[in-house]
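Residue numbers (this note's numbering): 276 to 363.
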């Protein structure tokens, strides 16, 4: 959904997001596999992007939140998404 909203902004946001030792997003699976042995990359549906999937929900939310903030999306929208990653 974020990619369809603004592909250029999504590209910029995901290129700048990475961890201390890992790349979180890439345009190909190989880049993520080179970043770690257990990254379990999956292609983001309907996009040319791949994402690592072996992170906990909290880390996934931080990755998504970072991308949304980089895309200058409203904080209210980010808050709405955040509830899906918070455990009860």
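For every residue, glycine included, the Cβ atom is placed at its ideal position computed from N, Cα and C.
Exposure of residue i, with buried meaning 16 or more beta-carbon neighbours within 10 Å
i           : result
residue 343 : buried
residue 316 : buried
residue 358 : exposed
residue 326 : buried
Identified DSSP bridge partners for residue i
i           : result
residue 360 : DSSP output for residue 360 lists no bridge partner at all.
Delimiting residues of the alpha helix (DSSP H) encompassing residue i
i           : result
residue 282 : 282-291
residue 305 : 304-309
residue 334 : 332-345
6 Å Cβ shell around residue i - same chain, five flanking residues per side excluded
i           : result
residue 313 : 329
residue 284 : 346
Cutoff 7 Å; reference residue i; Cβ partners in own chain excluding five residues on either side
i           : result
residue 289 : 300, 324, 342
Distance between residue j and residue i (C-alpha atoms, nearest Å)
i           : j           : result
residue 352 : residue 320 : 21 Å
residue 322 : residue 278 : 7 Å
residue 332 : residue 303 : 23 Å
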